[in-house]
Amino acid sequence: MKKGYILSAIVGGACFAVPFCLEIATMPVSLLFGVLGYGAGTLMFSDSKTNMTLGKNNENLVDVLNNAKKMNSAILNMINKVEDDVLKQDIRAIYQTANKIINTVSKDNKKVRNVENFFTYYLPETLNLLKKYDEIENQRLGKASEEFMKKTRDMVSKIKDSFNQQLAHLYQEDIIDTNAEMKVFDSMIKSDGYGDSDFKL
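Written as structure tokens, this is what we have:
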């Protein structure tokens, strides 16, 4: 039995036993309290990271994160396959930013809703695009492939920028909240006579 269910059972048992033992409520009413307590405990103590789903297929978040790590590793491996040096740099930057996004969501699974498309579209499509580029590059088609390869390199550069923006978006609320906390802290410092200048944010 998972820890969350054990805690839920404890809450439910307490909600049943306390009213009944103190003779505040009859058996049926106490039983109702117990059921409601168990339900409330389930909501409070359930493993939200495990239960949260993502995408059209309702994938478990843990599976989504593991799959994202595999795709990101595959993206990094593309550095050894492509020939263009600038593209190699962009791929490495994409990998590093994607890794930060994955780690951030792993630590705070609530943030996943801010970058859901990153996992369900951006990451897999980036890998597919790089694989197609490598395939075309290896065919040595000359002018027939040059335009495609240039467009792909330009697109990868845009992907790199979009990944950076998505990472920044993940921390937007944290920045706003921390700025507010610092303003309060600064007011406390001044009110206690330890500072005399306004805090600028």
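Its first residue numbered 980, the sequence shown is counted upward by one per residue in the working numbering. Beta carbons are placed, not taken as given, at the ideal position from N, Cα and C, and that holds for glycine. Only a predicted model underlies this, so the values are computations on that prediction, with no experimental measurement involved.
Best match in the options for proximity to residue i [C-alpha to C-alpha]
i            : options                   : result
residue 1139 : 1166, 1111, 1053 and 1101 : 1101
residue 1133 : 1047, 1105, 1041 and 1085 : 1105
residue 1059 : 1039, 1113 and 1042       : 1113
residue 1074 : 1039, 1062 and 1136       : 1136
residue 1141 : 1062, 1052 and 1070       : 1070
residue 1084 : 1041, 1118, 1111 and 1051 : 1041
residue 1052 : 1158, 1072 and 1121       : 1072
residue 1061 : 1098, 1119 and 1173       : 1119
First through last residue of the alpha helix (DSSP H) which encompasses residue i
i            : result
residue 1142 : 1122–1149
residue 1076 : 1064–1086
residue 1054 : 1040–1056
residue 1111 : 1102–1118
Nearest-angstrom beta carbon gap, residue j and residue i [assumed within contact, 8 Å]
i            : j            : result
residue 1054 : residue 1109 : 6 Å
residue 1143 : residue 1076 : 6 Å
Touching by the beta-carbon criterion (3+ pairs, under 8 Å), the stretch 1147–1154 and the stretch 1090–1097: These segments touch.
Segment contact, 8 Å Cβ cut-off, at least three pairs: the stretch 1058–1072 with the stretch 1116–1132: yes
The stretch 1158–1166 in contact with the stretch 1074–1094 per 3-pair CB rule at 8 Å: no
Cβ contact check for the stretch 1076–1091 and the stretch 1042–1052: 3 or more pairs under 8 Å: yes
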